[in-house]
Amino acid sequence: MSSPQEQHIATYREEAGELLAELETSLLELEDNPQDNDLINRVFRAMHTIKGSGAMFGFDDIARFTHEVETVFDQVRNGKMQVTRCLLDLTLQARDQITTMLDASAGGPPADETNGQRIIAGLQELLPRVAPLKAPPKDAAATAPASESVSRTYRIRFKPVPEIMLGGTNPVSLLNELRDLGTCEVVVHLDSIPTLDQLVAEHCFFYWDIVLTTCQGIEAIKDVFIFVEDDCDLKIDLIDDGSAPGTDDSYKKLGDILVERGDLSPVEMQKILSMQKRFGEILIEQGLVPASKVQSALMEQQQIQQVRQERTAAAPAAAEAALSIRVPAERLDHLVNLVGELVTVQAHLTQIAGTRHDNEIIAVAEEVERLISELRDTTLNMRMLPIGSTFSKFKRLVRDLSAELGKEIDLETSGAETELDKTVIEKLNDPLVHLIRNSIDHGIEMPEVRKSAGKPAKGIVHLAAEHSGDSVLVTIRDDGAGLDKERIRAKAIERGLITATTELTDKETFNLIFAPGFSTAQKVTSVSGRGVGMDVVKKAIEALRGTIDIASEAGKGSVITLRIPLTLAIIETLLVRIDRNFFVLPLSMVEECIELTRADVQAAHGRHLAHVRGELTPYINLRAEFEITDNQPEIEQIVILSVNGKRIGFVVDDVVGEHQTVIKTLGKLYRDVRGISGATILGDGTVALILDPGLLVQSVALTEQEQFS
Amino acid sequence: MSDLSVTHSLLADGATLKINVAGRLAIETAAELQNLLLEQVDTVSSIQLDLSAVEDIDLAGMQLICSACRTNLNLKKHFNFTGCMAPVVREAIGAIGLQRQTTCKHNDDLPCIWCGGMN
Chain P
7 MSSPQEQHIA TYREEAGELL AELETSLLEL EDNPQDNDLI NRVFRAMHTI KGSGAMFGFD
67 DIARFTHEVE TVFDQVRNGK MQVTRCLLDL TLQARDQITT MLDASAGGPP ADETNGQRII
127 AGLQELLPRV APLKAPPKDA AATAPASESV SRTYRIRFKP VPEIMLGGTN PVSLLNELRD
187 LGTCEVVVHL DSIPTLDQLV AEHCFFYWDI VLTTCQGIEA IKDVFIFVED DCDLKIDLID
247 DGSAPGTDDS YKKLGDILVE RGDLSPVEMQ KILSMQKRFG EILIEQGLVP ASKVQSALME
307 QQQIQQVRQE RTAAAPAAAE AALSIRVPAE RLDHLVNLVG ELVTVQAHLT QIAGTRHDNE
367 IIAVAEEVER LISELRDTTL NMRMLPIGST FSKFKRLVRD LSAELGKEID LETSGAETEL
427 DKTVIEKLND PLVHLIRNSI DHGIEMPEVR KSAGKPAKGI VHLAAEHSGD SVLVTIRDDG
487 AGLDKERIRA KAIERGLITA TTELTDKETF NLIFAPGFST AQKVTSVSGR GVGMDVVKKA
547 IEALRGTIDI ASEAGKGSVI TLRIPLTLAI IETLLVRIDR NFFVLPLSMV EECIELTRAD
607 VQAAHGRHLA HVRGELTPYI NLRAEFEITD NQPEIEQIVI LSVNGKRIGF VVDDVVGEHQ
667 TVIKTLGKLY RDVRGISGAT ILGDGTVALI LDPGLLVQSV ALTEQEQFS
Chain R
70 MSDLSVTHSL LADGATLKIN VAGRLAIETA AELQNLLLEQ VDTVSSIQLD LSAVEDIDLA
130 GMQLICSACR TNLNLKKHFN FTGCMAPVVR EAIGAIGLQR QTTCKHNDDL PCIWCGGMN
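Protein chains in written order, with our numbering: chain P, 7 to 715; chain R, 70 to 188.
As structure tokens, then:
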């Protein structure tokens with residue numbers, strides 16, 4: 007067992023790794039929303055934690071380096087510096103540098119110190135020149151301590167001149183800019199709108215009260231109105247400077263607000279106050295203040311109260327204890343293995359209980375069965391991780407690659423919360439990297455080519471994950487040029503994969519790119535074109551029991567769909583029997599089961615085709631395939647499966663039923679057996695082989711081809 | 070974006086005018102609807118405005134409808150919406166800050182028609 011100090015260091019590495027991943031995601035998001043204060047704070051916090059705990063566990067170099075980067079981001083956080091592409095580039099490089107330093111401490115190659123110095127120098131270059139100290143401004147908003155980003159609340163009355171829209175200004179877009187600054191409530195006033203006969207349709211008679219809570223200063227608000235300064239009445243008041251104690255949830259009384267705004271005179275207020283009714287109601291009743299203005303004032307009251315409540319609530323939330331614990335992956339793997347064994351033993355127990363006709367044992371067996379199925383689901387769920395962590399890595403990949411190739415590409419993702427088994431996610435990483443690289447390099451065209459094709463210069467790669475039955479569909483869609491069918495065909499003929507006369511459907515043509523060494527790229531780039539790839543991708547996906555499917559339309563783009571099983575440990579299957587041998591077929595592929603009599607076989611004149619409701623369905627006789635000759639029954643069963651979108655039957659003696667299959671890999675000796683992907687142990691200890699219908703169909707097709715050629 | 074198209078028909082009761090507004094009701098097209106409303110204001114006792122086919126509405130468009138609402142109420146006539154309001158109109162209502170405007174001063178502080186009120 008390692009010493010506590012070593013354990014702490016391991017924990018730090020793990021945590022820093024997570025923080026670095028979060029840092030990267032936040033930085034990339036920040037690129038799209040450079041104004042987002044939440045994101046800036048997240049970046050800052052991540053760096054702060056890396057630095058702080060780094061220093062604590064003796065990672066002094068990391069702490070020192072991160073400190074420099076953090077200092078620069080502090081300026082951004084305080085609004086003294088803008089988020090720029092250059093800043094983000096350097097920060098991302100800094101993030102990589104920290105990763106290298108972290109790896110170096112774990113025995114990896116040492117980090118390049120000059121690179122670190124270059125990044126720091128670059129960052130410091132960006133720092134704004136320190137301005138000479140000015141006399142403290144009188145404005146209350148600007149005197150608040152600059153080191154803390156405090157949310158302040160402003161009341162804005164914006165009354166544009168009627169002609170404002172004639173100059174091309176749309177007041178609504180100004181409102182939207184305010185909404186971008188923070189929490190914003192907008193109330194429009196309608197009382198200046200004249201009747202139809204006096205209305206000039208092109209004039210603006212609306213005016214607005216806005217209550218805005220923002221971390222940005224009053225200058226940011228003034229900037230919104232900078233181009234309409236002369237075309238409006240604008241009044242901005244600070245109504246909450248963020249310093250009032252959170253416990254005091256009483257804000258100004260409604261009357262005070264109205265008086266302060268100049269909508270009600272103090273005398274009128276006193277008069278109303280002497281009548282003991284709800285203040286707002288009375289005001290409206292008396293016709294002193296229109297309902298809309300009361301509404302607006304009430305809104306202000308609400309928002310300030312809410313802001314102050316949130317401030318109080320934020321403090322204890324941070325102190326709440328962690329609700330999750332860290333468990334090493336291998337312990338989980340061990341647990342899953344044990345559960346797998348347990349499922350097998352339980353099947354055995356159920357079988358024995360069934361033959362003993364002892365009600366007590368049957369009851370216990372059923373209870374055990376129920377508990378184990380729950381235990382199995384829970385255990386498998388523990389290994390489930392959202393695929394999103396992988397997705398965010400690709401954001402960086404797309405960003406860097408598209409810059410390298412001079413293309414403009416956005417990566418969109420959806421379904422990041424979709425959960426998959428941890429092992430599956432890990433094994434999915436490389437194929438996905440490859441497919442995304444392909445989309446970027448072969449798919450998306452250069453910006454000028456896109457423009458001349460009438461497409462936006464910026465290409466889109468869309469990465470999506472969604473559940474579909476017992477699998478997850480991962481799709482990579484791009485809006486690029488699509489696959490060039492002619493070029494694939496020509497290349498395939500050149501390589502002797504097909505003859506010049508072979509007729510292929512689109513799908514079959516696309517499938518050619520999975521042949522080893524196949525590449526249609528005209529030049530080899532650093533990204534792709536070496537022809538190492540799609541066959542490896544296909545192999546990797548098949549190793550996960552998944553399938554890969556390509557659809558493409560010239561000029562419009564391509565969609566690659568991966569169907570991946572949720573877990574590698576246990577699958578739902580259909581148990582079938584041939585003579586005394588048991589086999590299982592993946593239940594998700596099963597469509598139906600029908601009978602096959604000797605008469606049917608004779609009627610087909612030796613062809614392996616069955617009539618199913620007027621349609622001919624080809625079938626594979628597994629008995630013949632596996633050379634099982636004994637005890638052929640009069641009536642056999644065809645299990646019809648959907649294999650790569652086609653219905654194909656598998657003839658067996660008997661269908662036993664559904665079966666929870668714990669997958670056991672076959673030994674090394676059987677590695678090259680095609681069509682069998684593993685084995686499972688049945689309740690009575692019999693081994694059943696897991697069939698891989700896709701590969702079985704392929705190998706049967708190959709054998710037939712050889713026979714006829 | 071298509072242009073404004075305004076069609077109107079008298080309902081069976083002979084006193085209600087239904088106006089269908091389609092396309093873009095905005096600063097450059099609002100006057101067309103305004104003229105129709107002005108022409109019809111004396112002829113009927115109730116106006117129903119159908120905004121389900123509006124594809125774009127701006128501040129001028131909404132202001133015109135507010136004004137029409139006010140004008141008709143001053144004349145003790147009914148003015149309201151019919152049909153499903155197009156999603157763009159709903160968005161515009163939110164963008165302009167009308168959703169906080171639950172009552173209308175020109176309408177005896179009854180709920181504002183934009184926000185689901187009736188008159």
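We treat Cβ as the ideally placed atom computed from N, Cα and C, and that holds for glycine.
Among the options, the one whose alpha carbon lies nearest that of residue i
| i | options | result |
| --- | --- | --- |
| P/LEU572 | P/VAL543, P/ASP555, P/GLY85 and P/HIS473 | P/HIS473 |
| P/LEU695 | P/ALA707, P/SER648, P/GLN643 and P/LEU580 | P/LEU580 |
| P/THR511 | P/GLY502, P/ILE494 and P/GLY523 | P/ILE494 |
| P/GLY651 | P/PRO639, P/ASP555 and P/GLU664 | P/ASP555 |
| R/ALA95 | P/LYS86, P/ALA409, P/MET390 and P/ALA207 | P/ALA207 |
| P/LEU94 | P/THR515, P/ILE126, P/TYR625 and P/ALA117 | P/ILE126 |
| P/GLU30 | P/SER594, P/ILE46 and P/GLY539 | P/ILE46 |
| P/GLY412 | P/GLU432, P/ARG456 and P/LYS399 | P/ARG456 |
| P/GLY612 | P/GLU432, P/ALA630 and P/VAL618 | P/ALA630 |
| P/LEU354 | P/ASN343, P/ILE368 and P/GLU492 | The sequence as given places His at residue 354 of chain P; Leu does not occur at that position. The candidate whose alpha carbon is nearest that of P/HIS354 is P/ILE368. |
| P/GLU454 | P/GLU414, P/ALA470 and P/ASP436 | P/GLU414 |
| P/LEU181 | P/ASP229, P/LEU172, P/ILE199 and P/ASP197 | P/ASP229 |
| P/GLU169 | P/SER298, P/SER157, P/GLY700 and P/PHE212 | P/PHE212 |
Opening and closing residue of the alpha helix (DSSP H) in which residue i lies
| i | result |
| --- | --- |
| P/SER474 | Run containing P/SER474: none in the alpha helix (DSSP H); it sits in the beta strand (DSSP E), 465–474. |
| P/ARG362 | 335–362 |
| P/GLN184 | The sequence given here places Leu at residue 184 of chain P; Gln does not occur at that position. Unbroken alpha helix (DSSP H) run through P/LEU184: 177–187. |
| P/ILE199 | No alpha helix (DSSP H) holds P/ILE199; DSSP gives it neither H nor E. |
Residue-level contact to chain R via CB, residue i, 9 Å cutoff
| i | result |
| --- | --- |
| P/ASP203 | yes |
| P/PRO437 | no |
| P/VAL192 | yes |
| P/THR253 | Legend: pLDDT at P/THR253 = 45, less than 50; position of this residue unreliable, value from coordinates given subsequently. By this cut-off, P/THR253 is not an interface position. |
| P/CYS238 | no |
| P/MET62 | no |
| P/PHE397 | no |
| P/CYS221 | no |
| P/CYS210 | yes |
| P/LEU187 | no |
| P/PRO177 | yes |
Chain P within 9 Å of residue i, Cβ atoms only
| i | result |
| --- | --- |
| R/GLY166 | yes |
| R/MET187 | A caution first: R/MET187 carries a pLDDT of 48, below 50, which makes its placement in the model unreliable, though a value can still be read off. By this cut-off, R/MET187 is not an interface position. |
| R/ASP127 | yes |
| R/VAL113 | no |
| R/SER74 | no |
| R/ILE96 | yes |
| R/GLN132 | yes |
| R/ALA81 | no |
| R/LEU118 | no |
| R/MET70 | Because the pLDDT at R/MET70 is just 49, under 50, the model does not fix this residue reliably, and the value given afterwards should be weighed accordingly. Output row for R/MET70: interface = no. |
N-terminal and C-terminal residue of the beta strand (DSSP E) that residue i is part of
| i | result |
| --- | --- |
| P/VAL3 | Chain P is shown from 7 up to 715; residue 3 of chain P falls before or after that span and cannot be answered. |
| R/ILE126 | 115–126 |
| P/LYS165 | 158–166 |
| R/ARG93 | 85–94 |
| P/CYS238 | 238–246 |
Nonlocal neighbours in the same chain, by C-beta distance under 7 Å from residue i, ignoring five residues either side
| i | result |
| --- | --- |
| P/GLU597 | ILE646, LEU647, SER648 and ARG653 |
| P/THR667 | ILE576, ILE577, THR579, VAL590, THR686 and ILE696 |
| P/PRO522 | ASP541 |
Contacting residues, own chain, Cβ-Cβ under 6 Å from residue i (five flanking each side not counted)
| i | result |
| --- | --- |
| R/LEU107 | none |
| P/ALA324 | Residue placement at P/ALA324 is flagged as unreliable, the pLDDT there being 48, under the threshold of 50; the coordinate-derived value follows with that caveat. Nothing meets the Cβ criterion. |
| R/LEU80 | LYS87 |
8 Å Cβ shell around residue i - same chain, five flanking residues per side excluded
| i | result |
| --- | --- |
| R/PHE150 | GLN117, LEU118, ASP119, LEU120 and ILE182 |
| P/ALA110 | PRO116 and ALA117 |
| P/LEU26 | ALA52, ILE56, ARG101, ILE104, THR105 and LEU108 |
| P/PRO138 | Model confidence at P/PRO138 stands at a pLDDT of 38, short of 50, so the residue's coordinates are unreliable and nothing is read from them. |
| P/ALA285 | Sequence check: residue 285 of chain P is Phe here, not Ala. The answer, listed in chain order, is LYS259, LEU260, GLY261, ILE278 and LEU279. |
| P/VAL342 | THR385, LEU386, ARG389 and ALA575 |
beta-carbon residue i near the ligand HEM non-hydrogen atom, thresh 8 Å
| i | result |
| --- | --- |
| P/PRO115 | Questions concerning the ligand HEM fall outside what the structure shown contains, since it holds no ligand whatsoever. |
Using a Cβ-Cβ cutoff of 7 Å, what residues of the region 140–155 of chain R are near chain P? List them in chain order.
THR140 and ASN143
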